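Protein chains in written order, with the working numbering: chain A, 1 to 114; chain B, 1 to 114.
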Amino acid sequence: AQKITQTQPGMFVQEKEAVTLDCTYDTSDPSYGLFWYKQPSSGEMIFLIYQGSYDQQNATEGRYSLNFQKARKSANLVISASQLGDSAMYFCAMRFSTGNQFYFGTGTSLTVIP
Amino acid sequence: NAGVMQNPRHLVRRRGQEARLRCSPMKGHSHVYWYRQLPEEGLKFMVYLQKENIIDESGMPKERFSAEFPKEGPSILRIQQVVRGDSAAYFCASSPLGEENTIYFGEGSWLTVV
Chain A
1 AQKITQTQPG MFVQEKEAVT LDCTYDTSDP SYGLFWYKQP SSGEMIFLIY
51 QGSYDQQNAT EGRYSLNFQK ARKSANLVIS ASQLGDSAMY FCAMRFSTGN
101 QFYFGTGTSL TVIP
Chain B
1 NAGVMQNPRH LVRRRGQEAR LRCSPMKGHS HVYWYRQLPE EGLKFMVYLQ
51 KENIIDESGM PKERFSAEFP KEGPSILRIQ QVVRGDSAAY FCASSPLGEE
101 NTIYFGEGSW LTVV
C-alpha cells in the first residue's frame with residue numbers, strides 16, 4: 001500500500017529564517033513523482049514543486065527546494081527566507097506512473113512569526 | 001488564461017437534498033480529477049475523467065455519488081441525498097493530455113450539510 005507521512009502537524013519559523021517540512025513515503029514502485037502543495041487560509045491548493053523518482057538533482061523553485069533522499073524515502077520541503085505570506089498548510093503528495101491518483105499526506109501547518 | 005474554475009465556492013444543503021458541484025478545467029486540459037478534503041485531513045482521490053469517459057472511479061463512494069464530464073460544458077460531481085458526513089471541501093483538478101504530472105487545482109467547493 002502506498003503511504004505518505006507528514007509527522008509535523010504544526011511548525012513555527014521566524015521571518016527570514018529557513019524551515020524544513022518533513023515528508024516520508026512508503027512504496028515499492030520504482031517510478032513515482034513527489035509534489036508539494038500550499039493551502040492558505042483561503043483554501044485553494046497551490047502547486048509548489050515537483051521531484052521525479054529518477055531525477056538526479058534535487059528540485060528547486062525560487063525559495064522552495066526539495067531535499068530528496070531516495071534511499072530513506074524522504075522528500076522534505078525547504079523554504080528559505082520565510083515570509084509572513086508563507087503561513088499556510090503544506091501538503092506532500094505522491095503520484096505513481098502506473099496510476100491516476102495523487103496520495104496526500106495529512107499536512108503541516110506552518111506559521112511564520114514576525 | 002483562466003485557471004480551473006469551480007462553482008459554487010460554498011454550498012449549504014439540508015440532509016436529503018442533492019448537491020451539484022461544477023468544474024471547468026483549464027483551457028486545453030482534457031483530464032479532470034475530483035478530490036475530497038475532510039476537516040483536518042489531506043485530499044483523498046475520488047474520480048478521474050476524460051471527456052465523456054470515466055477512467056478511474058476507485059475513490060468514489062458506492063452510493064449517492066456520481067460524476068460526469070460531458071462533451072460540452074463543465075464536469076459535474078453530484079451527491080444525492082446528502083448526509084452530514086458529506087460536509088467537506090471538494091477540489092477539482094485538471095491536466096493536459098499526456099502530462100498527468102502537470103496538475104492544477106481549482107479553489108475548491110465547500111459543502112456544508114445542515
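For each residue, glycine too, the CB sits at the ideal point set by N, CA and C.
Quantities reported herein were computed from a predicted structural model and do not represent experimental measurements.
Test: A:G62 CB closer than 8 Å to a CB of chain B: On the first sequence, position 62 is the one that residue 62 of chain A refers to. False, the Cβ-Cβ gap to chain B never drops below 8 Å.
Within 10 angstroms of the Cβ of B:G28, are there 16 or more other Cβ atoms? Answer buried if so, exposed if not. Position 28 of the second sequence holds residue 28 of chain B. By the 10 Å Cβ count, B:G28 comes out exposed.
Can you confirm whether A:T5, when its beta carbon is compared against all beta carbons of chain B, has any partner nearer than 8 Å? What you label residue 5 of chain A is simply residue 5 of the first sequence in a count that begins at 1. So no, A:T5 is outside the interface.
Pair every Cβ in the segment 46 to 56 of chain B with every Cβ in the segment 77 to 91 of chain A, then say whether three or more of these pairs are closer than 8 Å. no
For B:F91, the first and last residue of its enclosing beta strand (DSSP E): Reading the second sequence from its first residue, position 91 is the one you call residue 91 of chain B. Per DSSP, B:F91 belongs to the beta strand (DSSP E) from A88 to S95.
Pull up the distance between the alpha-carbon of A:T7 and that of A:N76, whole angstroms please. Here the question's residue 7 of chain A lines up with position 7 in the first sequence. Here the question's residue 76 of chain A lines up with position 76 in the first sequence. Computed Cα separation, rounded: 11 Å.
How is A:D55 classed by DSSP in three states: helix, strand or coil? Here residue 55 of chain A refers to the residue found at position 55 of the first sequence. Coil.
Among B:M5, B:C23 and B:V4, nearest to B:R78 - alpha-carbon criterion: Here residue 78 of chain B refers to the residue found at position 78 when the second sequence is read from its first residue. Checked all of B:M5, B:C23 and B:V4; the closest Cα to B:R78 is B:C23.
Assigned exposure category for B:V82 - 16 Cβ within 10 Å defines buried: Numbered from its first residue, the second sequence carries residue 82 of chain B at position 82. Result: buried.
Would you mind sorting A:F12 into buried or exposed? The rule is 16 or more other CB atoms within 10 Å of its CB. Taking the first residue of the first sequence as 1, we reach residue 12 of chain A at position 12. It counts as exposed.
Within 8 Å, strictly: CB atoms of A:L127 and A:L110: Look at the range of chain A in this structure, 1 to 114, and you will see that residue 127 of chain A is not part of it.
Chain B residues whose Cβ lies nearer than 7 Å to that of A:T106: Indexing the first sequence from 1 puts residue 106 of chain A at position 106. Within chain B, the residues near A:T106 are E41 and G42.
Counting C-beta neighbours from all protein chains within 10 Å, is the total for B:N1 16 or more, i.e. buried, or is it exposed? Residue mapping note: residue 1 of chain B aligns to position 1 of the second sequence, counting from 1. With a pLDDT of 49 at B:N1, under the threshold of 50, the predicted position of this residue should be treated as unreliable, and no value is reported.
Closer than 8 Å, CB to CB, is A:N100 near chain B or not? Walking along the first sequence from the start, residue 100 of chain A turns up at place 100. True, the Cβ-Cβ gap to chain B drops below 8 Å.
Of the residues that make up the segment 84 to 97 of chain A, which ones have a beta carbon closer than 7 Å to any beta carbon in chain B? F91 and R95
Using 10 angstroms around the beta-carbon of B:H10, count the other beta-carbons present and answer buried if the total reaches 16, otherwise exposed. Here residue 10 of chain B corresponds to residue number 10 of the second sequence, with the count starting at 1. Its Cβ having fewer than 16 others within 10 Å, B:H10 is exposed.
Presumed contact (8 Å Cβ cut-off) between B:A88 and B:S75, rounded CB distance: Within the second sequence, numbered from 1, the residue matching residue 88 of chain B stands at position 88. Within the second sequence, numbered from 1, the residue matching residue 75 of chain B stands at position 75. With 8 Å as the limit, B:A88 and B:S75 do not qualify as a contact, their Cβ atoms being about 17 Å apart.
DSSP three-state call for A:G33: helix, strand or coil? Here the question's residue 33 of chain A lines up with position 33 in the first sequence. Note: A:G33 maps to strand in three-state DSSP.
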